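Q: In the order they appear, the protein sequences are chains Y and B.
Heads up, the first sequence is in my numbering, so the first residue is 8 and it goes up one at a time.
Heads up, the second sequence is in my numbering, so the first residue is 23 and it goes up one at a time.
Glycine included, C-beta positions come from ideal geometry on N, C-alpha and C.
All values derive from a computational prediction rather than experimental measurement.
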Amino acid sequence: GQNIDQPTEMTATEGAIVQINCTYQTSGFNGLFWYQQHAGEAPTFLSYNVLDGLEEKGRFSSFLSRSKGYSYLLLKELQMKDSASYLCAVRDLNNAGNMLTFGGGTRLMVKP
Amino acid sequence: EPEVTQTPSHQVTQMGQEVILRCVPISNHLYFYWYRQILGQKVEFLVSFYNNEISEKSEIFDDQFSVERPDGSNFTLKIRSTKLEDSAMYFCASRETGDNQPQHFGDGTRLSIL
Chain Y
8 GQNIDQPTEM
18 TATEGAIVQI
28 NCTYQTSGFN
38 GLFWYQQHAG
48 EAPTFLSYNV
58 LDGLEEKGRF
68 SSFLSRSKGY
78 SYLLLKELQM
88 KDSASYLCAV
98 RDLNNAGNML
108 TFGGGTRLMV
118 KP
Chain B
23 EPEVTQTPSH
33 QVTQMGQEVI
43 LRCVPISNHL
53 YFYWYRQILG
63 QKVEFLVSFY
73 NNEISEKSEI
83 FDDQFSVERP
93 DGSNFTLKIR
103 STKLEDSAMY
113 FCASRETGDN
123 QPQHFGDGTR
133 LSIL
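#1: Thinking C-alpha only, which one of Y/Glu16, Y/Thr20 and Y/Tyr31 is nearest Y/Lys75?
#2: Can you name the residues that DSSP bridges to B/Met111?
#3: With H, G and I counted as helix, E and B as strand and the rest as coil, what does DSSP make of Y/Lys83?
#4: Helix or strand or just coil, what does DSSP make of Y/Leu163?
#5: Rounded to whole angstroms, what's the CA-CA distance from B/Glu107 to B/Ile82? Just pull it up for me.
#6: With distances taken from CA atoms, which of Y/Met106, Y/Ala23 and Y/Ser34 is nearest B/Ser80?
#7: Going by beta carbon distance, what residues of the same chain come within less than 6 Å of B/His142, once the five residues before and after it are set aside?
#8: List, in chain order, every chain Y residue whose beta-carbon is nearer than 7 Å to that of B/Ser77.
#9: Over what stretch of residues does the beta strand (DSSP E) that includes Y/Thr30 continue unbroken?
#10: Helix, strand or coil for Y/Asp89? Go by DSSP, reduced to three states.
#11: Applying the 10 Å Cβ sphere with the 16-neighbour rule, what's the burial state of Y/Ile27?
#12: B/Asp84 lies in the beta strand (DSSP E); which residues open and close that run?
#13: Going by DSSP in three states, Y/Leu58 sits in which element: helix, strand or coil?
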């Protein structure tokens, strides 16, 4: 099976930088995705990592270390609208349908 | 930008009744998924579907659940005899061919079983 851990909640200040960590255990790692989910809404895709290193996309970056089973999502120049849950999801080679296994999500509150 | 659409947005049903949740995936996508999210809990995989058949299903997806692609655009999830614990948000997702392609989620159907 798979186990994905993220902090439950984080708080940060508008304009600052925040790092949301995710650790995972899986037998056949085949990619990690980050999604943003506002309350009551659908998850929206943010980033994808399958090789070690940093992927940058505007204010959002995601890092992966496969040997450590570790990823983080970095949000820069925080805005109030970034208040949301951030979901880490892992894909496993052993799953035929390319399904995603989600962590519990990290609820980020951005304060003025 | 093309999106996954789901109907209805909210469904209220008596326990034991059948429900059908509808999804229209993005038109050039070939891989379809259903997930559910019980209030305050994590998103959980139910089933994946490709080439008109189920490619994988979770333990949650028991005999009470079924999926169908009745025509070229719709993808449905049926729950035959609903239970109280089926109350959740149900998300449909689809993706293009290619391992690096993300799944795109619809806005969900909130299912409330009374």
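A: Let me spell this out:
#1: Y/Tyr31
#2: B/Gln59 and B/Arg132
#3: coil
#4: Because chain Y is modelled from 8 through 119, residue 163 of chain Y falls outside the range shown and cannot be assessed.
#5: So the alpha carbons of these two residues sit roughly 11 Å apart.
#6: Y/Met106
#7: Summary: the structure shown does not reach residue 142 of chain B, with chain B confined to residues 23 through 136, and so no result is reported for it.
#8: Ala103 and Gly104
#9: Val25 to Gln32
#10: helix
#11: buried
#12: Under the DSSP assignment, B/Asp84 falls outside any beta strand (DSSP E); it carries neither an H nor an E label.
#13: coil
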